[in-house]
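There are 2 protein chains.
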Amino acid sequence: MNKKGKLFVISGPSGAGKSTVVSRAIEGREDICFSTSVTTRAPRPGEVDGREYFFISFERFREMVEHDELLEHAEYVANRYGTPRSYVNQRLEDGLNVLLDIEVQGARQVRKKMPEAVLIFIAPPSLEELERRLRGRGTDTEAAIEGRLIRARQEFQEADFYDYLIVNDDVDRAAAKLSSIIEAEHCRFEDWAVWLKSN
Amino acid sequence: MNKKGKLFVISGPSGAGKSTVVSRAIEGREDICFSTSVTTRAPRPGEVDGREYFFISFERFREMVEHDELLEHAEYVANRYGTPRSYVNQRLEDGLNVLLDIEVQGARQVRKKMPEAVLIFIAPPSLEELERRLRGRGTDTEAAIEGRLIRARQEFQEADFYDYLIVNDDVDRAAAKLSSIIEAEHCRFEDWAVWLKSN
Chain A
11 MNKKGKLFVI SGPSGAGKST VVSRAIEGRE DICFSTSVTT RAPRPGEVDG
61 REYFFISFER FREMVEHDEL LEHAEYVANR YGTPRSYVNQ RLEDGLNVLL
111 DIEVQGARQV RKKMPEAVLI FIAPPSLEEL ERRLRGRGTD TEAAIEGRLI
161 RARQEFQEAD FYDYLIVNDD VDRAAAKLSS IIEAEHCRFE DWAVWLKSN
Chain B
11 MNKKGKLFVI SGPSGAGKST VVSRAIEGRE DICFSTSVTT RAPRPGEVDG
61 REYFFISFER FREMVEHDEL LEHAEYVANR YGTPRSYVNQ RLEDGLNVLL
111 DIEVQGARQV RKKMPEAVLI FIAPPSLEEL ERRLRGRGTD TEAAIEGRLI
161 RARQEFQEAD FYDYLIVNDD VDRAAAKLSS IIEAEHCRFE DWAVWLKSN
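One line per chain: the protein sequences are A and B, in this order. Going by the working numbering, the letters in the first sequence line up with residues 11 to 209, in that order. Going by the working numbering, the letters in the second sequence line up with residues 11 to 209, in that order.
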């Protein structure tokens, strides 16, 4: 069977350990790639167009929004960021699983534009633990930590449309869960039609 | 979190390798048990009530059907077989995952009575391969093999309401898929409510 890839949207508050869990889960796998976003911000030294981001003008960005060429988009520090639909679709057609690391609002847009996307929320074991981890990093000011916690609490309340929840109480266990979800989603019923057709 | 178990219904034609895949997947796992059916047939020598089956009278069986005490039931060689709802529910409450190895018609009944059950169909790589395996066994007559193939073809056509399809082209790989499905289903969104409540 020539299998299409699937789009996996991964969200979770800063401090949930999302990127560690994701890198552990995709280590050595060649069937998974990250999506590359478009952005209106200028490239930083060393950044390459098409690698870190596709760097585009505000005008082109507006055009992409108008023509529904973005699966989701958001504004951050006066710049705009978005996920190009055609880029993602091409990778899915190539049989690659595409990972999209975005916030809850973006995930909601993806759910609408691509209902078959699989939405995964990575949460810390508790808000107390999240606070402990954020403080443990020693990188944020008190105000920044408070802000992150408020934001996290809000995200949890809004995330009720996700398909899966992974509580990151242990990185290995959480990574194994993410791998299982990716594997299980490839056994979903839609492949049935392919099986039947080939028989 | 005190987690409830989940009901996994496993179906697949004779020759798909279902029981090998299942035993490989649950090897050494104490969180998974098989359901025990009720039957009207007489116990065979060595069979223990409550272990192989719960042996009950036709009258009691009819009563269970009338009182909706069975998740599914079927007739086979003039005897009746069924899955007792309270038995399954008790195990789920105990936090055990319950496996139910039944045919497509039974699975359809379970879907109606317990929509949250997870339905998994284990298929051979192809009908040709199924035929090859059935002949390879050397246990069936030509007529029996023909009958099994007709039945398999019919089951495939009817199985479009299952959640997952596992193509058993390799026992280890198929068992890993089954394990992944069980793990992934425990990350489904319903656990979210538990997480939120505890925060």
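Even for Gly, the Cβ is constructed at its ideal location relative to N, Cα and C.
Three-way DSSP call (helix, strand, coil) for residue i in this model
i        : result
B:Gly38  : coil
A:Met11  : Note that A:Met11 scores 46 on pLDDT, short of 50, meaning its location in the model is unreliable and no value can be drawn from it.
A:Gly25  : coil
B:Val58  : coil
B:Leu106 : coil
B:Gln172 : It should be pointed out that residue 172 of chain B corresponds to Tyr in this sequence rather than to Gln. Looking at B:Tyr172 - three-state DSSP - the assignment turns out to be coil, as it is neither helix nor strand.
B:Phe199 : coil
B:Ser47  : strand
Extent of the continuous beta strand (DSSP E) to which residue i belongs
i        : result
A:Ala54  : Before going further, note that residue 54 of chain A is Arg rather than Ala in the sequence given. Note, A:Arg54: premise wrong, no beta strand (DSSP E); not H, not E.
A:Arg90  : 89 to 94
A:Ile112 : No beta strand (DSSP E) holds A:Ile112; DSSP gives it neither H nor E.
A:Leu129 : 128 to 133
Alpha-carbon to alpha-carbon, residue j and residue i
i        : j        : result
B:Met11  : B:Glu79  : Interpretation of B:Met11 is limited by its pLDDT of 46, a score under 50 that renders its predicted location unreliable; the figure taken from the coordinates is listed afterwards. Distance between the alpha carbons of B:Met11 and B:Glu79 is about 29 Å.
A:Ala169 : A:Val108 : 21 Å
A:Met124 : A:Thr46  : 17 Å
A:Tyr174 : B:Lys13  : 15 Å
A:Asn209 : A:Ala88  : 55 Å
B:Arg121 : B:Leu17  : 11 Å
B:Arg163 : A:Glu69  : 56 Å
B:Glu76  : A:Ala127 : 42 Å
A:Gln3   : A:Arg161 : This structure cannot settle anything about residue 3 of chain A, because the visible part of chain A is limited to 11 through 209.
A:Arg147 : A:Gly15  : 36 Å
A:Arg118 : B:Glu62  : 49 Å
A:Arg95  : A:Ile42  : 17 Å
B:Gly25  : B:Ile191 : 22 Å
A:Ile66  : A:Met74  : 10 Å
A:Leu110 : A:Asn99  : 13 Å
A:Glu152 : B:Asn178 : 54 Å
A:Lys207 : B:Thr93  : 33 Å
A:Leu129 : A:Ile20  : 6 Å
B:Asp59  : B:Pro53  : 8 Å
A:Glu193 : A:Thr149 : 36 Å
A:Glu139 : A:Glu37  : 26 Å
A:Leu144 : B:Phe64  : 55 Å
Element boundaries [alpha helix (DSSP H), containing residue i]
i        : result
B:Phe274 : An answer regarding residue 274 of chain B cannot be provided, because it is not within the stretch 11 to 209 covered by chain B.
A:Glu69  : 68 to 76
B:Ser82  : Note that residue 82 of chain B is Glu in the sequence shown, not Ser. Where B:Glu82 is concerned, there is no enclosing alpha helix (DSSP H), although the beta strand (DSSP E) it sits in stretches over 80 to 86.
A:Gly146 : 137 to 147
Heavy atom of the ligand SAH within 7 Å of residue i beta-carbon
i       : result
B:Phe64 : With respect to the ligand SAH, the structure shown offers nothing to examine, as it has no ligands at all.
Interface positions of the region 168 to 181 of chain A facing chain B (Cβ-Cβ less than 8 Å), listed along the chain: Answer set for the region 168 to 181 of chain A: Ala169, Asp170, Tyr172, Asp173, Tyr174, Leu175, Ile176, Val177.
Residues of the region 125 to 141 of chain B whose Cβ lies closer than 7 Å to any Cβ of chain A, in chain order: Those would be Ala133, Ser136, Leu137, in chain order.
Which residues of the region 32 to 55 of chain B have a Cβ closer than 7 Å to any Cβ of chain A? Give them in chain order. Sequence-ordered contacts of the region 32 to 55 of chain B with chain A are nonexistent [C-beta pairs closer than 7 Å].
Residues of the region 87 to 111 of chain A with a CB closer than 8 Å to any CB of chain B: list them in chain order, please. Legend: CB atoms of the region 87 to 111 of chain A lying less than 8 Å from CB atoms of chain B are not found in any residue.
Between the region 184 to 199 of chain A and chain B, which residues of the former have CB atoms less than 9 Å from a CB of the latter, in chain order? With the criterion set as a beta carbon lying under 9 Å from some beta carbon of chain B, the members of the region 184 to 199 of chain A are Ala186, Lys187, Leu188, Ser189, Ser190, Ile191, Ile192, Glu193, Ala194, Glu195, His196, Cys197, Arg198, Phe199, in sequence order.
Along the region 148 to 169 of chain A, where does the CB come closer than 9 Å to a CB of chain B? Name the residues. Residues passing the 9 Å Cβ filter: Arg163, Phe166, Gln167, Ala169.
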